[in-house]
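Enquirer: Residue numbers (our numbering), protein chains in the order written: chain R, 341 to 545; chain H, 341 to 545.
Number of protein chains: 2
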Amino acid sequence: MGNQVPDIVIRRLPVYLRALNHLEAQGVAITSSQELADNLGSSAAQIRKDLSHFGEFGKQGTGYHVGYLAKQLRRILHADRTWEVVLVGAGDLGHALIRNQGIARRGFRIVAAFDNDPERVGARVGDIIIQNSKTMRQEIKARRIQVAIIAVPAQAAQGVTDILVDAGVKAILNYSPIAINVPPAIRVQYADPVTLLQRMTYYLS
Amino acid sequence: MGNQVPDIVIRRLPVYLRALNHLEAQGVAITSSQELADNLGSSAAQIRKDLSHFGEFGKQGTGYHVGYLAKQLRRILHADRTWEVVLVGAGDLGHALIRNQGIARRGFRIVAAFDNDPERVGARVGDIIIQNSKTMRQEIKARRIQVAIIAVPAQAAQGVTDILVDAGVKAILNYSPIAINVPPAIRVQYADPVTLLQRMTYYLS
Chain R
341 MGNQVPDIVI RRLPVYLRAL NHLEAQGVAI TSSQELADNL GSSAAQIRKD
391 LSHFGEFGKQ GTGYHVGYLA KQLRRILHAD RTWEVVLVGA GDLGHALIRN
441 QGIARRGFRI VAAFDNDPER VGARVGDIII QNSKTMRQEI KARRIQVAII
491 AVPAQAAQGV TDILVDAGVK AILNYSPIAI NVPPAIRVQY ADPVTLLQRM
541 TYYLS
Chain H
341 MGNQVPDIVI RRLPVYLRAL NHLEAQGVAI TSSQELADNL GSSAAQIRKD
391 LSHFGEFGKQ GTGYHVGYLA KQLRRILHAD RTWEVVLVGA GDLGHALIRN
441 QGIARRGFRI VAAFDNDPER VGARVGDIII QNSKTMRQEI KARRIQVAII
491 AVPAQAAQGV TDILVDAGVK AILNYSPIAI NVPPAIRVQY ADPVTLLQRM
541 TYYLS
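#1: Within 7 Å of any Cβ in chain H, is that where the Cβ of residue 363 of chain R sits?
#2: Mark residue 475 of chain R as exposed unless 16 or more other C-beta atoms lie within 10 angstroms of its C-beta, in which case mark it buried.
#3: Return helix, strand or coil for residue 371 of chain R, following the three-state DSSP convention.
#4: Should residue 389 of chain H be labelled buried (16 or more other beta-carbon atoms within 10 Å of its own) or exposed?
#5: With a threshold of 7 Å between beta-carbons, can residue 346 of chain H be considered close to chain R, or not?
#6: Report buried or exposed for residue 410 of chain R, applying the criterion of at least 16 other Cβ atoms within 10 angstroms of its Cβ.
#7: Could you check which residue in H/525, H/441, H/382, H/383 has the C-alpha nearest to that of residue 533 of chain R?
#8: Within the 7 Å Cβ cut-off, does residue 510 of chain R reach chain H?
#9: Using C-beta distances below 6 Å, list every residue in its chain close to residue 430 of chain H, excluding the 5 sequence neighbours before and after it, in chain order.
#10: For chain R, is any of its Cβ atoms less than 7 Å away from the one on residue 443 of chain H?
#11: For residue 486 of chain H, return the contacting residues in chain R, with the cut-off set at a CB-CB distance below 7 Å.
#12: So, is the C-beta of residue 549 of chain R closer than 7 Å to a C-beta in chain H?
#13: So that I know if they touch, is there some Cβ in chain H lying closer than 7 Å to that of residue 379 of chain R?
#14: Does DSSP classify residue 510 of chain R as helix, strand or coil?
#15: Which of the three DSSP states is assigned to residue 500 of chain R in this structure?
#16: Are there 16 or more other CB atoms within 10 angstroms of the CB of residue 524 of chain H, so buried, or fewer, so exposed?
#17: Does residue 427 of chain R come out as helix, strand or coil in the three-state DSSP assignment?
#18: Could you tell me whether any Cβ in chain H is nearer than 7 Å to the Cβ of residue 450 of chain R?
#19: Hey, is residue 420 of chain H's beta-carbon within less than 7 Å of any beta-carbon in chain R?
#20: With contact counted as at least three CB pairs below 8 Å, one residue from each stretch, are the segment 373 to 383 of chain H and the segment 414 to 423 of chain H in contact?
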């Protein structure tokens with residue numbers, strides 16, 4: 341069934357999961373599509389339709405078991421395991437990502453970080469020693485890492501991307517402010533703050 | 341015309357602008373919807389349809405003038421001015437955002453940053469002195485700041501949001517890993533890396 345679910349639905353599932361995790365942490369046991377929708381600025385019909393791609397998770401009138409639904413979403417999103425992640429670019433943002441304990445706790449463990457600046461290579465950040473970018477391809481291949489985060493300047497992003505893809509990376513979170521070219525099978529998400537901010541300033545005056 | 345353009349179209353415009361900026365920096369004068377589509381993993385028809393909401397920007401067969409189209413998109417997105425931005429949360433990520441010169445160069449200038457940790461208040465980061473969160477509401481009102489970035493832990497995010505909205509903020513970029521509740525007129529974009537990563541791990545095995 342997987343491949344037939346529209347990507348726009350997949351994009352919303354982590355948002356539902358985040359809301360469910362929050363409810364779970366607050367000790368809420370049961371919720372409804374309406375309550376989730378109110379929390380997320382979405383609609384109950386949308387949430388029910390999105391979830392229906394994957395089965396029956398609640399009964400009409402009784403709502404969803406928060407813990408059960410969260411567990412199912414984690415399973416669907418492959419978020420019920422820990423992914424090893426490689427980080428490229430050990431500037432301020434890279435440091436913040438390495439030090440962000442929440443990322444590791446939520447299933448993404450940065451296991452290697454690379455930079456091409458000799459002043460950064462060899463430095464310890466958290467549990468990580470920054471490595472020379474020259475060893476990146478080999479290290480990713482050896483560890484079979486599938487997930488990467490790019491936090492390098494724009495002009496370096498495509499070159500880094502090409503190496504990552506060649507080394508076997510399948511999913512890239514790109515913080516640099518340019519679109520990167522990848523083969524069709526490779527997933528990219530953009531986290532450039534300016535792009536995100538510009539989605540909102542359209543509505544401001 | 342503004343309000344009638346679907347939000348999904350608005351969400352794509354900054355991505356087009358980012359690609360055009362990149363072409364402009366490379367000295368490319370003319371592009372086509374097909375070339376843009378190839379760069380972005382989109383379709384030429386989609387790009388033409390999206391742009392058609394705002395007028396005629398190119399002629400069949402001659403393509404788009406990169407500089408002109410970029411300028412028009414900046415105008416449409418209100419990205420042809422500098423927005424004053426307030427940052428809440430001066431941890432590692434907050435520091436990285438303040439120090440990110442690219443954000444300011446591309447139209448978003450962080451003019452004030454707040455934290456409730458006494459050890460952080462008063463510290464200088466780049467050109468900014470971290471201020472006590474208690475003064476946040478007053479400062480935002482006085483400066484009429486409309487754009488905010490939240491980089492606080494999950495449990496603090498809703499409280500901060502309520503203050504921001506009360507102070508007149510209209511657009512929030514939220515790095516904390518929870519959905520925040522805002523009135524309908526307020527825009528929110530989510531930049532939590534785990535949510536973005538989970539949109540891709542669905543496709544991995």
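Cβ coordinates follow ideal geometry from the N, Cα and C atoms, glycine included.
The structure presented is a predicted model; accordingly, all values stated were derived computationally and were not measured.
Expert: In brief:
#1: no
#2: exposed
#3: strand
#4: exposed
#5: no
#6: buried
#7: H/441
#8: yes
#9: 453, 455, 460, 470
#10: yes
#11: 544
#12: Absent from the model: residue 549 of chain R. The displayed extent of chain R is 341 to 545, so no value can be given.
#13: yes
#14: coil
#15: helix
#16: exposed
#17: strand
#18: no
#19: no
#20: no
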